[in-house]
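Letter 230 of the sequence shown, counting from 1, is numbered 229 in numbering that gives the first Met the number 0, and no numbers are missing.
Beta carbons are placed, not taken as given, at the ideal position from N, Cα and C, and that holds for glycine.
Predicted model only: the values in this text are computed from it and were never measured.
Here the structure is laid out as structure tokens; the discussion comes afterwards.
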Amino acid sequence: MKILNVAAYKFVGVLDREILQPILLEKCEKLHLKGTILLADEGINFTLAGEESELREFLSYIATDELFAGRFSDLELKESVSNHQPFGRMVVRMPKEIITMRHPMIRPEAGRAPAVDPQTLKKWLEQGHDDEGREIVLLDTRNNYEVQIGTFENAIDFDIVNFSQFPEHMQNALADSENPLKEKTIVTFCTGGIRCEKAALYMNELNLPHVYQLHGGILNYFEQVGADHWKGECFVFDERVAVDPELKPTTHDYGKQAEKIYRSPLK
0 MKILNVAAYK FVGVLDREIL QPILLEKCEK LHLKGTILLA DEGINFTLAG EESELREFLS
60 YIATDELFAG RFSDLELKES VSNHQPFGRM VVRMPKEIIT MRHPMIRPEA GRAPAVDPQT
120 LKKWLEQGHD DEGREIVLLD TRNNYEVQIG TFENAIDFDI VNFSQFPEHM QNALADSENP
180 LKEKTIVTFC TGGIRCEKAA LYMNELNLPH VYQLHGGILN YFEQVGADHW KGECFVFDER
240 VAVDPELKPT THDYGKQAEK IYRSPLK
């Protein structure tokens, strides 16, 4: 039986999350869905899997039911198909942030960071500069064990263990006089868009003038462009462990990296 996997996030006010939490859990369980939904004051982040008809029914419900006041009607969905259910249970959690940065001045729902679409990024990488002639720096905002499985060619990363370390490492990078990032165009990227969006907003606060997030993250790049300029596979936080540029589950045994799916929130 084919299982539909859907991931999405949105920075939007969810101040009524304590009301929504049991309602969403009950709805998902009724539809036999499994996965994780994160609800925070700043937004929603979820990865769900189930039979296509039942998952589509849930997505229609949160998009149209008056309880949600249209907040989830324009979610950008990232879809893939697997041969089995990748999740063992259904949970709806209420963390302080849908992705933890521990930087309270960041309020993504107040406005998005500039984004570059996959086709434009591919063009920039092939021509060696952006449309204004600036050098491109690809900044991987993911954790080190994710980077080990795959990343963009010539990308840089901070070898972080979790995303909350990103601000400190970014400050250190800016203090490096041999690394003049302000003169370059920086494109942040991550799995589905959430970390690279928050990272780009933080970098805007640091007055870096030319920062973009990769729209939709790596998974959207795979969907729109494929494997161009990418090496390896992409780590995902479920039992698939990783997907290739065709969004098919990995056939490799990544060992210790696979253990992270049981200890980490969705990204």
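query	result
May I ask you to report which of helix, strand or coil DSSP gives R16?	helix
Taking only the alpha-carbon atoms, compute the straight-line gap between N219 and G191 and give it to the nearest angstrom.	7 Å
What do you get for L76, buried or exposed, if any count of 16 or more other CB atoms within 10 angstroms of its CB means buried?	exposed
Determine the direct distance from the alpha carbon of P117 to that of Q309, and round the result to whole angstroms.	Residue numbering for the chain in the displayed model covers 0 to 266; residue 309 lies beyond these limits and cannot be assessed.
Expressed to the nearest angstrom, what Euclidean distance is found between the alpha-carbon atoms of M202 and H168?	12 Å
On the DSSP bridge assignment, give the partners of F234 in chain order.	A241
My guess is that I267 and L138 are in contact by the Cβ rule of under 8 Å, so how many angstroms apart are they, rounded?	Here the chain comprises residues numbered 0 to 266, so residue 267 is not present and cannot be evaluated.
DSSP three-state label for P248, please.	strand
One question on the structure: do L54 and A7 come within less than 8 Å of each other, judged by their Cβ atoms?	no
Starting from K95, trace the beta strand (DSSP E) in both directions and tell me its first and last residue.	First-last for K95: undefined, no H or E at that position.
Given this structure, state the Cα-to-Cα distance separating S59 from I193, to the nearest angstrom.	22 Å
Let's see if you can read the secondary structure: which residues bound the beta strand (DSSP E) around V210?	210-213
State the DSSP-derived secondary structure class of K9, mapped to helix, strand or coil.	strand
Beta carbon of T187, beta carbon of H209: below 8 Å?	no
Answer with buried or exposed for S79, where buried requires no fewer than 16 other C-beta atoms within 10 angstroms of its C-beta.	buried
Our contact map puts M93 next to R16 with C-beta atoms below 8 Å; I'd like the distance itself, whole angstroms only.	5 Å
Does at least one heavy atom of the ligand ATP sit under 7 Å from the Cβ of G215?	This structure lacks the ligand ATP; in fact it carries no ligand of any kind.
Since T99 is in the alpha helix (DSSP H), which residue starts that stretch and which ends it?	Run containing T99: none; DSSP gives neither H nor E here.
Confirm, please, whether the CB-CB distance from V115 to L23 is below 8 Å.	no
Quick one: using the 10 Å Cβ neighbour count with 16 as the cut-off for buried, is R262 buried or exposed?	Bear in mind that a pLDDT of 40 at R262, under 50, signals an unreliable position, so the model cannot answer this.
Give me the Cβ distance between E41 and F10, rounded to the nearest whole Å; I'm assuming they're in contact under 8 Å.	6 Å
What span of residues does the alpha helix (DSSP H) with E125 cover, start to end?	117-126
Quick one, which of F151, K197, W123 has its alpha-carbon nearest G231's?	F151
What is the C-beta distance between A241 and F234, in whole angstroms, given that I count them as a contact (C-beta under 8 Å)?	5 Å
Using three-state DSSP, classify T35 as helix, strand or coil.	strand
Give every residue of the same chain whose Cβ lies closer than 6 Å to the Cβ of L200, excluding the five residues on either side of it in the sequence, and list them in chain order.	I105, P107, A112
Cβ of E51 within 8 Å of Cβ of H31?	no
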